[in-house]
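Worksheet: one structure, shown below.
There are 2 protein chains.
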Amino acid sequence: MKIQELADKMGLTIHTIRYYEKEGLLDDRHVRRESNNYRNYSEEAVERLKLIKKFQSIGCSLAELKEVLQDHDTNTRTNLQIIDWIRSKKEEIESKKEEYDQMLVTLNKMLEYRTLLIDDPQKAQAMMSAWQAGSSD
Amino acid sequence: MKIQELADKMGLTIHTIRYYEKEGLLDDRHVRRESNNYRNYSEEAVERLKLIKKFQSIGCSLAELKEVLQDHDTNTRTNLQIIDWIRSKKEEIESKKEEYDQMLVTLNKMLEYRTLLIDDPQKAQAMMSAWQAGSSD
DNA sequence: GCTTGCCCTAGAGTTCACTTCATAGTTTAA
DNA sequence: TTAAACTATGAAGTGAACTCTAGGGCAAGC
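Chains as they are written, first to last, in this note's numbering: chain A, -7 to 129; chain B, -7 to 129.
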């Protein structure tokens, strides 16, 4: 399979695929060269890219992905280690979610203040002094 | 107030403060020059940086912040417009949260599979074929 | 007067995951 | 046969928000 075909199949650009190769995410199980130096991809390349996409979708950076794939290839890690890794990844995501929750709390306060400002400016004033800087105009 | 003092007070670096100024987030209400060309910050600068931090904490980019601050300074926007803006900001955050939820769904599936692999490898096998690529080793 | 430690500027470097560019060789269809 | 369409390379560009560097000017204490 040539690069454009693979790109179409995977919904990636040829640039991205070459970039992944340069970053060491693909090796000669996935891509070889023809006599004209064109890349020729195996079916394994498709699976590899699916795996890459999967791990990207759970918030892995390419650097992390590279490690994960190396461990995967060499069967380095035990099931328990993998479970630990998944747990820590979950915590990472959950803490990011909490940050967003915090943003929502703030936005809701702002919204409440702004709404009150229409309905009952005096109460809004009181809210403002109790709170500060919800927007300091 | 000199730049280091302000930086300490706000928990920022002097580089960041100069950067904000270069980006047009501070003007001469906040910073003037002494005869030796040193920056001299007013108390308003402290409030300005607090406001910047507040808006950053609700997920504003500096570009967006710049607009917000300009509107704030010139009193351009009506309360209703601000309410709309807050609502759209909330939606933005919520959709990011949903992305993270999706990641968690995937991670939980992976965790389930990996746990089952210890307790009941046969079921895990079945799960794998029903699902695929939770990790394809 | 010297050292230390602030302050200034313009500009380059950082990180991430691509994306684009310039230039050139290869294949294929008309 | 020639033009279009594909492939290759290395290198530079992108954007966001800083961060750091080089090379210099002030200031305060001894």
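Backbone N, C-alpha and C define an ideal beta-carbon position, used for all residues, glycine too.
Quick caveat: nothing in here was measured; it's all calculated off a predicted structure.
Within 8 Å of chain B by C-beta, residues of the stretch 82 to 99 of chain A in sequence order: Lys82, Ile85, Glu86, Lys88, Lys89, Tyr92, Asp93, Gln94, Met95, Leu96, Thr98, Leu99
How big is the Cα-Cα spacing for Leu108(A) and Lys115(A)? The residue you call residue 108(A) lines up with position 116 of the first sequence. The residue you call residue 115(A) lines up with position 123 of the first sequence. Each residue's alpha carbon lies about 7 Å from the other.
Should Tyr105(A) go down as buried or exposed, given a rule of 16 or more other Cβ atoms within 10 Å for buried? Residue mapping note: residue 105(A) aligns to position 113 of the first sequence, counting from 1. Under this definition Tyr105(A) is a buried residue.
Arg10(A), DSSP secondary structure in three states: Taking the first residue of the first sequence as position 1, residue 10(A) is located at position 18. Arg10(A): helix per DSSP, three-state reduction.
With 7 Å set as the bound, which would you pick, yes or no: does the beta-carbon of Arg106(A) sit closer than that to a beta-carbon of chain B? Here residue 106(A) is taken as the residue at index 114 of the first sequence, counted from 1. For Arg106(A), the answer is yes, since a Cβ of chain B falls inside 7 Å of its Cβ.
For Leu18(B), decide whether its Cβ has a neighbour in chain A, counting only Cβ atoms nearer than 7 Å. To locate residue 18(B), count along the second sequence from 1; it is residue 26. It does not: the Cβ of Leu18(B) has no partner Cβ on chain A nearer than 7 Å.
CA-to-CA distance, Arg24(B) to Glu86(A), given in whole angstroms: Position 94 of the first sequence, counted from the start, is the residue given in the question as residue 86(A). Position 32 of the second sequence, counted from the start, is the residue given in the question as residue 24(B). Going from the Cα of Glu86(A) to the Cα of Arg24(B) covers about 43 Å.
In the DSSP output, what is Thr105(A) paired with across the bridge? Taking the first residue of the first sequence as position 1, residue 105(A) is located at position 113. A small correction: the amino acid at residue 105(A) is Tyr; Thr does not occupy that position in the sequence shown. Per DSSP, none; premise fails for Tyr105(A).
Assign Ile(-5)(B) to one of two classes, buried (16 or more other C-beta atoms within 10 Å of its C-beta) or exposed (fewer than that). Position 3 of the second sequence, counted from the first residue, corresponds to residue -5(B). Counting Cβ neighbours within 10 Å, Ile(-5)(B) comes out buried, since at least 16 surround it.
Just how far apart, CA to CA, sit Leu72(A) and Glu91(B)? Sequence index remark: in the first sequence, residue 72(A) carries index 80 (1-based). Sequence index remark: in the second sequence, residue 91(B) carries index 99 (1-based). Between Leu72(A) and Glu91(B), the C-alpha separation is close to 27 Å.
Check whether Ile78(B) and Met95(A) have beta carbons under 7 Å apart: Taking the first residue of the second sequence as position 1, residue 78(B) is located at position 86. Taking the first residue of the first sequence as position 1, residue 95(A) is located at position 103. It is not a contact, given that the beta carbons lie outside the stated cut-off.
Nearest-angstrom Cα separation, counted from Glu26(B) out to Pro113(A): Your numbering for residue 113(A) matches position 121 in the first sequence. Your numbering for residue 26(B) matches position 34 in the second sequence. Straight-line Cα distance between these residues: approximately 42 Å.
Output needed in chain order: residues of the stretch -4 to 10 of chain A with a Cβ under 8 Å from some Cβ in chain B. none
Could you give the DSSP three-state label for Tyr92(B): helix, strand or coil? The residue given as residue 92(B) occupies position 100 in the second sequence. It is helical.
Neighbourhood of Lys58(A) by C-beta, 8 Å cutoff - its chain only, sequence neighbours within 5 removed: Here the question's residue 58(A) lines up with position 66 in the first sequence. Once the five neighbours on either side are set aside, the close Cβ partners of Lys58(A) are Glu15, Gly16, Leu17.
Given a threshold of 16 other Cβ atoms within 10 Å of its Cβ, counted over all protein chains shown, does Ser128(B) qualify as buried or as exposed? As a first step, residue 128(B) must be located in the second sequence, where it is residue number 136. Confidence at Ser128(B) is low in this model, with a pLDDT of 40, below 50, so the placement of that residue should be treated as unreliable; the coordinate-derived value is given next. Ser128(B) comes out exposed.
Return the Cβ separation of Glu36(B) and Arg21(B) in integer angstroms, given the expectation that the two are a contact with Cβ distance under 8 Å. In the second sequence, counting from the first residue as 1, residue 36(B) sits at position 44. In the second sequence, counting from the first residue as 1, residue 21(B) sits at position 29. Going by Cβ atoms, the distance from Glu36(B) to Arg21(B) rounds to 5 Å, so yes, they are a contact pair.
Is it buried or exposed, Thr70(B), if we count other Cβ atoms within 10 angstroms and call 16 or more buried? Working through the second sequence from its first residue, we reach residue 70(B) at position 78. Its Cβ having fewer than 16 others within 10 Å, Thr70(B) is exposed.
Residue from Leu103(B), Leu4(B), Lys81(B) with nearest C-alpha to Leu103(A): By one-based count along the first sequence, residue 103(A) stands at place 111. Ranking the options by Cα distance to Leu103(A), first place goes to Lys81(B).
Using a C-beta cutoff of 7 Å, does Leu109(A) count as contacting chain B? Your numbering for residue 109(A) matches position 117 in the first sequence. At least one chain B Cβ lies under 7 Å of Leu109(A).
What do you reckon, are the CB atoms on Met(-7)(A) and Tyr33(A) nearer than 7 Å? Mapped onto the first sequence, residue -7(A) falls at position 1. Mapped onto the first sequence, residue 33(A) falls at position 41. Yes, Cβ-Cβ distance for Met(-7)(A) and Tyr33(A) is below 7 Å.
Proximity test, Cβ basis, 7 Å: Ile74(A) and chain B: Here residue 74(A) refers to the residue found at position 82 when the first sequence is read from its first residue. It does: the Cβ of Ile74(A) has a partner Cβ on chain B nearer than 7 Å.
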